[in-house]
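Participant: Per the numbering used here, residue 217 is the first one in the sequence shown, and the count goes up by one each step.
One structure, as C-alpha cells, below. Some questions next.
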Amino acid sequence: MTKQSVNNSGSSQGPFCVWSGIDFINFVKLMRLRPTIRWSGLYRLISSGILSVSNSCLSALETLVYSRKVKRTKLESPVFIIGHWRSGTTLLHNLMSMDEQFIYPNMGAMLFPSHFLLTEPVLKHVVKRLIPKQRPMDNMPVTWDLPQEDETSIMLLHLMSPYLAIAFSDQAEVYDRFYELDQLTPKEDKVWRDTFRYFMQKLTYRAGGNKHVLLKSPTHTFRIRFLLDMFPDARFIYIHRNPYKVYNSTLHLRKTMFGDNGFAPLDMEKLEEDMANIYVNHLHVYERDRQIVPEGQLHEVSFEDLTADPVGELKKVYEHLNLTGFDDLEKNMQPYLKDQKSYKKNKYEMDAAQEKKIYERWQKAFELFGYERLPSDALIKKARVAS
217 MTKQSVNNSG
227 SSQGPFCVWS
237 GIDFINFVKL
247 MRLRPTIRWS
257 GLYRLISSGI
267 LSVSNSCLSA
277 LETLVYSRKV
287 KRTKLESPVF
297 IIGHWRSGTT
307 LLHNLMSMDE
317 QFIYPNMGAM
327 LFPSHFLLTE
337 PVLKHVVKRL
347 IPKQRPMDNM
357 PVTWDLPQED
367 ETSIMLLHLM
377 SPYLAIAFSD
387 QAEVYDRFYE
397 LDQLTPKEDK
407 VWRDTFRYFM
417 QKLTYRAGGN
427 KHVLLKSPTH
437 TFRIRFLLDM
447 FPDARFIYIH
457 RNPYKVYNST
467 LHLRKTMFGD
477 NGFAPLDMEK
487 LEEDMANIYV
497 NHLHVYERDR
507 QIVPEGQLHE
517 VSFEDLTADP
527 VGELKKVYEH
537 LNLTGFDDLE
547 KNMQPYLKDQ
557 KSYKKNKYEM
567 DAAQEKKIYE
577 RWQKAFELFG
587 YERLPSDALI
597 KKARVAS
C-alpha cells in the first residue's frame with residue numbers, strides 16, 4: 217500500500233475550527249506538546265492563538281459572575297449515549313434531546329465551553345451566520361440549538377482528550393492514555409473530574425436545574441468504569457451498526473475532521489490503521505466493562521433497528537432504563553422523523569479485498585452483534601455501502 221497524504225489547506229466548516237474556543241493557558245500547553253505544523257495549517261494556529269486571549273478574558277469574567285451559582289447546582293443522574301463513531305450516536309442523541317427532561321451541550325457550549333453562559337446571547341447571532349448548514353462528514357443538519365458532542369468541550373477545557381489526535385495524528389503517545397483515563401496522575405484525575413462535573417453543572421444551571429444531562433460521545437465507551445465511579449446512577453445506551461458501514465464512514469469522518477481542524481497534512485495510511493485499531497479496542501473495553509454496569513442502567517440498540525422503527529426502539533430504551541416521559545417524546549419527535557425521510561446518506565464503494573480486510577479485522581463485532589458477512593458474489597459488482 218502506498219503512503220498517501222492529504223493536504224488540509226481548505227475547510228468545509230466555515231471560519232471556525234475546534235481550537236477556536238481554547239483559552240490562552242491551554243493554547244500554550246498545546247504548543248508545548250509540539251504538534252506537527254505545516255504552512256497549510258498555520259492560519260488555524262494563528263487565529264486560534266489570537267482567539268485564545270479573548271477566550272481567557274471572557275472565561276475569567278464568566279467565572280466571576282456565575283461560578284458560585286454553578287457550583288451550588290445539583291446534578292441529576294446523567295445519561296450517556298455511547299458506541300463507536302458513525303454507529304448512530306448522533307441520531308439517537310438528536311431524538312432523545314427532544315425529551316424536555318434532558319439537557320445537552322449545544323453549539324455554544326461545544327465551541328466555547330469556558331464562557332458560553334456569559335456570551336451565548338451574542339455569539340449565537342454571530343456564529344450561526346458563519347457555520348455551514350450541514351456537517352461536512354455526513355450531511356447532517358447543523359444549527360445552534362441541536363445537541364453536540366461534549367468531548368470537544370472537554371478537550372478545550374483541559375486537553376486531556378483523545379481528540380488531541382486532531383493535532384497529533386502522528387503522535388499517539390500524546391493522546392492514547394486519555395481514552396480509558398486509568399493512567400492519569402492523581403492531579404490529572406482530579407482536574408478531569410472537577411472540570412467535567414463543572415461543565416455539566418453549567419449546562420444544568422443554564423436550563424434552570426432539575427434536568428438530566430444527556431451526553432453523547434464515542435469516547436465515553438472507554439470510560440464506563442470511570443463514569444460509574446463519578447455517577448453511580450448513570451445510565452448508558454450503547455448503539456452499534458453493521459461494521460462494513462462503520463468502516464468507510466469513520467474513515468471519511470477522520471479525514472474530514474482532521475483535515476478541517478489539524479495543522480499538518482494527513483497520512484491516510486496511518487489514519488486508517490489507527491481507526492481500525494481503535495474500533496477493536498473500543499469493542500474489547502465495552503465487552504469487558506458492560507459486565508459491571510448495574511441491572512437496568514445499560515441498554516443496547518442497533519442502528520438498523522432504530523432507523524427501521526425509531527418509536528418502538530426508543531420505547532424499549534425508556535422501559536429498560538426506567539425513564540419516564542416517553543409519550544411526550546413520541547409527540548415531539550414526529551416532525552424530526554418526517555424530515556429524516558429526505559436525508560441522503562453518503563455512499564461508498566467496497567470491493568472484495570476491502571470486505572475481506574474489514575471482516576478479518578473486525579470479525580469480533582460481526583459475531584458479538586450478529587451481523588452477517590457479505591457473500592463474495594455480492595461484491596463482484598461492488599456493494600454500495602451507505603454511511
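By construction, the Cβ of each residue, glycine as well, lies at the ideal position given by its N, Cα and C atoms.
Remember, predicted model here, so these are calculated numbers, not experimental data.
For K432, does the three-state DSSP call read helix, strand or coil?
Facilitator: Position 216 of the sequence shown, counted from the first residue, corresponds to residue 432. K432: strand per DSSP, three-state reduction.
Participant: Quickly, what does DSSP pair F452 with across the bridge? List them, please.
Facilitator: Residue 452 sits at position 236 when you count from the first residue of the sequence shown. Answer is F296, L514.
Participant: Roughly how many whole angstroms lie between the Cα atoms of E488 and L482?
Facilitator: Taking the sequence shown and counting its residues from 1, the one referred to as residue 488 is at position 272. Taking the sequence shown and counting its residues from 1, the one referred to as residue 482 is at position 266. Their Cα atoms are separated by approximately 11 Å.
Participant: Hey, which unbroken runs of the beta strand (DSSP E) at 3 residues or more fall wholly within the stretch 387–451?
Facilitator: Runs of the beta strand (DSSP E) inside the stretch 387–451: 428–432.
Participant: Any idea what DSSP makes of E565, helix, strand or coil?
Facilitator: Within the sequence shown, the letter at position 349 stands for residue 565. Residue state, collapsed to three classes: strand.
Participant: Please say whether N242 and H374 have beta carbons closer to each other than 8 Å?
Facilitator: Within the sequence shown, numbered from 1, the residue matching residue 374 stands at position 158. Within the sequence shown, numbered from 1, the residue matching residue 242 stands at position 26. Yes, Cβ-Cβ distance for H374 and N242 is below 8 Å.
Participant: CA-CA distance, L419 and K245?
Facilitator: As a first step, residue 419 must be located in the sequence shown, where it is residue number 203. As a first step, residue 245 must be located in the sequence shown, where it is residue number 29. Distance between the alpha carbons of L419 and K245: 26 Å.
Participant: Cβ of E365 within 8 Å of Cβ of M314?
Facilitator: One-based indexing of the sequence shown puts residue 365 at position 149. One-based indexing of the sequence shown puts residue 314 at position 98. No. Outside cutoff.
Participant: Tell me the rounded alpha-carbon separation between V527 and R504.
Facilitator: Along the sequence shown, one-based indexing puts residue 527 at 311. Along the sequence shown, one-based indexing puts residue 504 at 288. V527 and R504: Cα-Cα distance of roughly 30 Å.
Participant: Are the Cβ atoms of I298 and F452 separated by less than 8 Å?
Facilitator: Working through the sequence shown from its first residue, we reach residue 298 at position 82. Working through the sequence shown from its first residue, we reach residue 452 at position 236. Against a cut-off of 8 Å, the Cβ pair of F452 and I298 comes out as a contact.
Participant: Please classify Q220: is it buried, with 16 or more other beta-carbons within 10 angstroms of its beta-carbon, or exposed?
Facilitator: As a position in the sequence shown, residue 220 is number 4, starting the count at 1. Only weak support exists for where Q220 lies, its pLDDT of 47 falling under 50; the value from the coordinates is given anyway. It counts as exposed.
Participant: Using the C-alpha atoms, what's the distance from M484 back to Q387?
Facilitator: Locating residue 387 in the sequence shown gives position 171, where the first residue counts as 1. Locating residue 484 in the sequence shown gives position 268, where the first residue counts as 1. So the two alpha carbons sit approximately 14 Å from each other.
Participant: How far does the alpha helix (DSSP H) with S270 in it extend, from its first residue to its last?
Facilitator: Residue 270 sits at position 54 when you count from the first residue of the sequence shown. First-last of the alpha helix (DSSP H) with S270: 258–287.
Participant: Should M446 and R409 be called a contact, given that it needs their Cβ atoms to be closer than 8 Å?
Facilitator: If you number the sequence shown from 1, residue 446 lands on position 230. If you number the sequence shown from 1, residue 409 lands on position 193. Yes; because the gap between Cβ atoms is below 8 Å, this pair is in contact.
Participant: Which of helix, strand or coil does DSSP assign to T218?
Facilitator: Residue numbering aside, residue 218 sits at position 2 when the sequence shown is read from its first letter. Note that T218 scores a pLDDT of 38, beneath 50, so its modelled location is shaky and nothing firm can be said.
Participant: If you draw a straight line from the alpha carbon of P591 to that of A569, how long is it in whole angstroms?
Facilitator: Here the question's residue 591 lines up with position 375 in the sequence shown. Here the question's residue 569 lines up with position 353 in the sequence shown. So the alpha carbons of these two residues sit roughly 12 Å apart.
Participant: By alpha-carbon positions, which one of A381, L308, W301, F582 ends up nearest to L553?
Facilitator: Counting from one through the sequence shown, the residue named residue 553 turns up at place 337. If we check each option's Cα against that of L553, L308 comes out closest.
Participant: What span of residues does the alpha helix (DSSP H) with P591 cover, start to end?
Facilitator: Here residue 591 refers to the residue found at position 375 of the sequence shown. First-last for P591: undefined, no H or E at that position.
Participant: Answer yes or no: do I574 and P459 have a C-beta to C-beta separation smaller than 8 Å?
Facilitator: Counted from its first residue, the sequence shown places residue 574 at position 358. Counted from its first residue, the sequence shown places residue 459 at position 243. Taking 8 Å as the Cβ cut-off, I574 and P459 qualify as a contacting pair.
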